[in-house]
Amino acid sequence: MANGGGGGGGSSSGGGGGGGGGGGSSLRMSSNIHANHLSLDASSSSSSSSSSSSSSSSSSSVHEPKMDALIIPVTMEVPCDSRGQRMWWAFLASSMVTFFGGLFIILLWRTLKYLWTVCCHCGGKTKEAQKINNGSSQADGTLKPVDEKEEVVAAEVGWMTSVKDWAGVMISAQTLTGRVLVVLVFALSIGALVIYFIDSSNPIESCQNFYKDFTLQIDMAFNVFFLLYFGLRFIAANDKLWFWLEVNSVVDFFTVPPVFVSVYLNRSWLGLRFLRALRLIQFSEILQFLNILKTSNSIKLVNLLSIFISTWLTAAGFIHLVENSGDPWENFQNNQALTYWECVYLLMVTMSTVGYGDVYAKTTLGRLFMVFFILGGLAMFASYVPEIIELIGNRKKYGGSYSAVSGRKHIVVCGHITLESVSNFLKDFLHKDRDDVNVEIVFLHNISPNLELEALFKRHFTQVEFYQGSVLNPHDLARVKIESADACLILANKYCADPDAEDASNIMRVISIKNYHPKIRIITQMLQYHNKAHLLNIPSWNWKEGDDAICLAELKLGFIAQSCLAQGLSTMLANLFSMRSFIKIEEDTWQKYYLEGVSNEMYTEYLSSAFVGLSFPTVCELCFVKLKLLMIAIEYKSANRESRILINPGNHLKIQEGTLGFFIASDAKEVKRAFFYCKACHDDITDPKRIKKCGCKRPKMSIYKRMRRACCFDCGRSERDCSCMSGRVRANVDTLGRAFPLSPVSVNDCATSFRAFEDEQPSTLSPKKKQRNGGMRNSPSSSPKLMRHDPLLIPGNDQIDNMDSNVKKYDSTGMFHWCAPKEIEKVILTRSEAAMTVLSGHVVVCIFGDVSSALIGLRNLVMPLRASNFHYHELKHIVFVGSIEYLKREWETLHNFPKVSILPGTPLSRADLRAVNINLCDMCVILSANQNNIDDTSLQDKECILASLNIKSMQFDDSIGVLQANSQGFTPPGMDRSSPDNSPVHGMLRQPSITTGVNIPIITELVNDTNVQFLDQDDDDDPDTELYLTQPFACGTAFAVSVLDSLMSATYFNDNILTLIRTLVTGGATPELEALIAEENALRGGYSTPQTLANRDRCRVAQLALLDGPFADLGDGGCYGDLFCKALKTYNMLCFGIYRLRDAHLSTPSQCTKRYVITNPPYEFELVPTDLIFCLMQFDHNAGQSRASLSHSSHSSQSSSKKSSSVHSIPSTANRQNRPKSRESRDKQKYVQEERL
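Residue numbers (full-length UniProt numbering): 1 to 1237.
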């Protein structure tokens, strides 16, 4: 088409000439006559038909120099000018007259208004002077007509104002009507521009019939609407002159009037209709009205693009007009045929300064326009295009939205997102031991990931997605579909310098998420215990609905505190809720047995209906022996349907229908056995792997009915006449749900029935094991203390004394020992006072900190050591060694606990350590509050490492006679001197003290896992070894807060796990107690009542020694399973692990006193005499009165001391005199420590 047009403009031959003949007989001219339709002869255009020769002659007439007028082709169907005269000037004149006429009227109006104002101002001054001269007496008479006139003017102004306000509302985007109107005007403008693009393929000017041309009709309708909208804008404008000169007004002037002229003249002229492209400048405003553009970058990007494109299209329209029309002073003879899109191409290569030369302007107007346009276009291209590219390039790579997958849940993880935190989380969350994790993880963070983190996300791309944003922004929460997420997990920065600030930021995240969607389940990490109280202030925070706060300080110090009671327990518990893969080692080394235990995790599963009505010990034994599962707790639902987690509740509790059990196992599939077990189908199966779902139908029965049947079966009465479960017992069962954990309940007649029901069940032990077990089921020593009375029904003497006393010994919940607040000066020991005080069997806490250090919350360390399930004389004295300035800041939370002393000093001073008899302590804890103030991670633990190495290098004298015999000792400051016991500082008979610091039991807190290699100089751990594989961690002498990361995923999959762990390590902290501490930030003392004293009756963790006591016969080559069953049946003790000497597997004697942890060994596991057994033992009511009964010897790993205390008042069945001589010789080589359980 361009070639044809060029030929027509320059010669009389070619396609252009042929096209001219065709143009006379058609309403719409084809593209071949585009260039020469302006040069047709009047005679040829008036003829009804033409031949090829006439076309040639008409084409040759183009070059005749004399021409009176230019003509256009017409037909009989279009009543156009018969001479074909061009009327472009009429279209242009309509626009010019409208614009300049309106401008003249506005200026004239302004001039007249100004003159009128000036005249009125002068006349007003004259009238005012006359009124002053006339006097005030005539003021009332003269003012009355003036007031009437002002009222009329005010009424007129008010009417005009209301109309103006109405018009302003109509065109503004502040109302729905205004937004609809604005969007509609923009859409119609784009529609008019599209019509221009369509008409641009036709000649610049042509005859058209309005009634038959569809596009002209549509364009007319659009412009009528534009005219009405222009009137609204004019009415609403405050400054009419500036409104008249606006770009949108100019666009209307040169596009609306020509349409009406077109209808009148029955012809069309493209003219300046391309100016509609300038409406694109408002595109960003329209998108903002529609709430599509919200960010500044997106608004800026759309602004730049709209300005660039609208300028480009408008300039192309002008070139298209002048090039296809020609110069007026050349009689429009120098035109060339260019399509609109060729002009667009020409403008782009011009702006980019490329200029290929294939298309160029030939007219003088076109070239003149290009001269000026290239200046502005080049500047715009050079500034706009790079900025547009930069904005597009800087677009967030992770700025999309999450698309939920049907049938698949997703969680949102936010907070502290780093390579370390994410890798630890994913390693545990996506562990293969978890049963089909069909959950997608969506990470949300305001900083884009680095290359390493990005590579980690790509490795897990099937289950992990990352989006850049903040949970504080509701828009970002909508992007990750937080309202449909299964949970939101918030990770904390454990290594931050300001823990309170980190907690505050996470609390704000919780507030933002809960504000957006109150029903979302949130699991968040908190660093400081006292900041947990702020979560309770959030109205939608509900721990009953699954919201949980994992306080790292609370759990970390709780783990360490439990290690003070049973060394190595922190390692065992940390491994239980962490997902570890089984690592098989063939060599007979300590790592083999340790790693076998590490592969165990905590799981929950509902118990089969076959267990309903059985007691907890019976079910526990059956699961361990037959199903190879260790059940340590159950979820018990009381009469009011409240759920409680009961840890080893004892033999008084019967399993209900649908009871949830807590198991220790190596795989989730193994735990399914407890759910599938059927007595009828699986009773004779010996291989636990064959226990799978069976097809038999089991009758379902309520728990109450099952207990009555079991009870009535023994007493021989009917259910209606039986009174075994009536009255007192039924009321007592209701009480069980209120006491946490459950109090042991038994009544003589009902207990006999329950015992008969248990005897009905066939024994799960093999005949060989029964024989080795010594017939424990019928052993006479298994009955006296097994059936203890509920303290609520028959209080013991110790409880009666407590209830009669007016002294507050426990806190208001009855969960912790309590004393009146003490001033810190009363518990401070000088070095000389500490040296003269007999301190033994105590806990030494070495704390590094100063005035500026962040508080670590020592209350969480002391509370588990002051749990009320210990008797007062059993409490270990606690001595803090550290800066007095730091301890004064912590003292406000410690002043209500008994048996606490402070030695001002430094843990690096050997004189201070000797003064507190560190060689006689049961445990030395090393903590630091300065760890996070150092940027170098390798130096974060320098103080703790130096203190640990300092203690291990100390030497002690073996001739300390102060502790010999039955020393009652001195009562150090901080002990309750008014106590009726006035008990000594732990201990009755002591063995010779430790001579080297290596044997002192120590647990060191670390921040950086890799620093564990510096604690033991004699180990061979690789620096890159994971923490749980290192010897200090396996031995329980090191603990790092990083092991608590696994609790996030464990809590998500089962929120009961966190409750169980918290109950085990905190000594009995409950949500009610946390609410009380949040209210007062201190424990409140309370008088002893049967309800609070019942809370003492809960199990606790202890270590059981095999070297002496009732289990000594199993210590020399016995099976762990026999020990498990005997301890469970005889004393309701639940064993769950072994603390064994590191070199116990060697045939030759070793001087090493280090021990390691073995979790849940199998039934056939062989025991050695030096083993210490981790067990959950029941509370002993008589231990406070009788201390000289059965001695359960508990040995520390260093064998530093020996203590005897009673667990139950049962004579020992072990005969020490009949033990082999080899045992006696082996015993002489070991230092023995007997600890009360």
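Ideal Cβ placement from N, Cα and C applies to all residues, glycine included.
What you are looking at is a predicted structure, and each value in this text was computed from that prediction instead of being measured.
Check                                                                                                                             : Outcome
Beta-carbon proximity of Leu565 to Val1101, cut-off 9 Å                                                                           : yes
Residue interval of the beta strand (DSSP E) (run including residue 1253)                                                         : Given a span of 1 to 1237 for the chain in the structure shown, any question on residue 1253 remains unanswerable.
Touching by the beta-carbon criterion (3+ pairs, under 8 Å), the segment 835-844 and the segment 918-926                          : yes
Cut-off 7 Å between Cβ atoms - residues of its own chain near Pro1023, not counting five sequence neighbours on either side       : Thr1010 and Gln1013
Close beta carbons around Ser978, own chain, < 7 Å, minus the five adjacent residues each side                                    : At Ser978 the pLDDT is 38, less than 50, meaning the model places this residue with poor confidence; the figure from the coordinates comes in the next sentence. Closer than 7 Å at Cβ, skipping near neighbours: no residue.
Alpha helix (DSSP H) segments (min. 4 residues) lying fully within the segment 171-221                                            : 176-199
Contact the segment 266-281 vs the segment 241-254: 3+ CB pairs below 8 Å                                                         : yes
Contacts around Ala404, its chain only, beta-carbon distance under 7 Å, and the 5 residues preceding and following it disregarded : His410, Lys481 and Ser484
Host beta strand (DSSP E) of Glu330 (start-end)                                                                                   : Run containing Glu330: none; DSSP gives neither H nor E here.
Rounded Cβ spacing between Val439 and Asp486 (contact assumed at less than 8 Å)                                                   : 7 Å
Beta-carbon contacts of Val183 that lie in its chain and below 8 Å, excluding the five residues immediately before and after      : Ile286, Phe289 and Leu290
Where Ala694 falls, given that 16 or more other Cβ within 10 Å makes a residue buried                                             : According to the sequence as given, residue 694 is Cys; it is not Ala. Per the 10 Å Cβ criterion, exposed.
Cross-strand partners of Cys551 (DSSP beta bridge)                                                                                : Met526
Euclidean distance between Cα positions of Ile1003 and Leu949                                                                     : 12 Å
Cβ-based neighbour list, His445, same chain, cut-off 6 Å, excluding 5 preceding and 5 following                                   : Ile417
Nearest neighbour of Arg1142, chosen from Tyr356, Lys592, Phe425 and Asn575 [CA to CA]                                            : Lys592
Backbone CA spacing between Glu156 and Thr117 [nearest angstrom]                                                                  : Confidence is the limiting factor: at Glu156 the pLDDT is only 49, short of 50, which leaves the residue's position unreliable, though a coordinate-based value still follows. If I take the Cα positions, the gap works out to 18 Å.
Neighbourhood of Ile550 by C-beta, 6 Å cutoff - its chain only, sequence neighbours within 5 removed                              : Gln525 and Leu1047
Cβ neighbour criterion (16 or more within 10 Å) applied to Gln1229                                                                : At Gln1229 the pLDDT is 36, less than 50, meaning the model places this residue with poor confidence; the figure from the coordinates comes in the next sentence. By the 10 Å Cβ count, Gln1229 comes out exposed.
Terminal residues of the beta strand (DSSP E) in which Tyr593 lies                                                                : Not the beta strand (DSSP E): Tyr593 falls in the alpha helix (DSSP H), residues Trp590 to Val598.
Validate contact between the segment 372-387 and the segment 455-462 using beta carbons, cut 8 Å, 3 pairs                         : no
Rounded C-alpha distance that separates Tyr1068 from Arg889                                                                       : The sequence shown places Gly at residue 1068, rather than the Tyr named in the question. C-alpha separation (whole angstroms): 25 Å.
Those residues which DSSP pairs with Asp811 across a bridge                                                                       : Gly1085
Under the three-state DSSP convention, the category Cys1099 falls into                                                            : coil
Completely contained beta strand (DSSP E) runs for the segment 1091-1153, where each covers 3 or more residues                    : 1100-1105 and 1134-1141
Where Lys566 falls: helix, strand or coil (DSSP)                                                                                  : Looking at the sequence shown, residue 566 is not Lys but Ala. Residue state, collapsed to three classes: coil.
Residue range of the beta strand (DSSP E) that includes Thr604                                                                    : Glu601 to Tyr606
Of the listed residues Glu892, Leu451 and Val925, nearest to residue 1242 (C-alpha basis)                                         : Since the first and last residues shown for the chain are 1 and 1237, residue 1242 lies out of range.
Contact test: Arg889 Cβ vs the ligand GTP heavy atom, cutoff 8 Å                                                                  : This structure lacks the ligand GTP, and indeed carries no ligand of any kind.
Where Leu1093 falls, given that 16 or more other Cβ within 10 Å makes a residue buried                                            : buried
9 Å Cβ cutoff met for Glu1005 and Ala1040                                                                                         : yes
Whole-Å CB distance - Tyr1131 paired with Phe1165, under 8 Å assumed                                                              : Not a contact, Cβ separation roughly 20 Å.
DSSP state of Thr996 mapped onto helix, strand, coil                                                                              : strand
Residue nearest to Leu630 in terms of C-alpha spacing, selected from Ile292, Arg641, Met602 and Ser608                            : Met602
Backbone CA spacing between residue 1238 and Ile1000 [nearest angstrom]                                                           : Lying outside 1 to 1237, the shown extent of the chain, residue 1238 is not represented and no answer is given.
The segment 805-823 / the segment 1081-1090 touching (three or more Cβ pairs under 8 Å)                                           : yes
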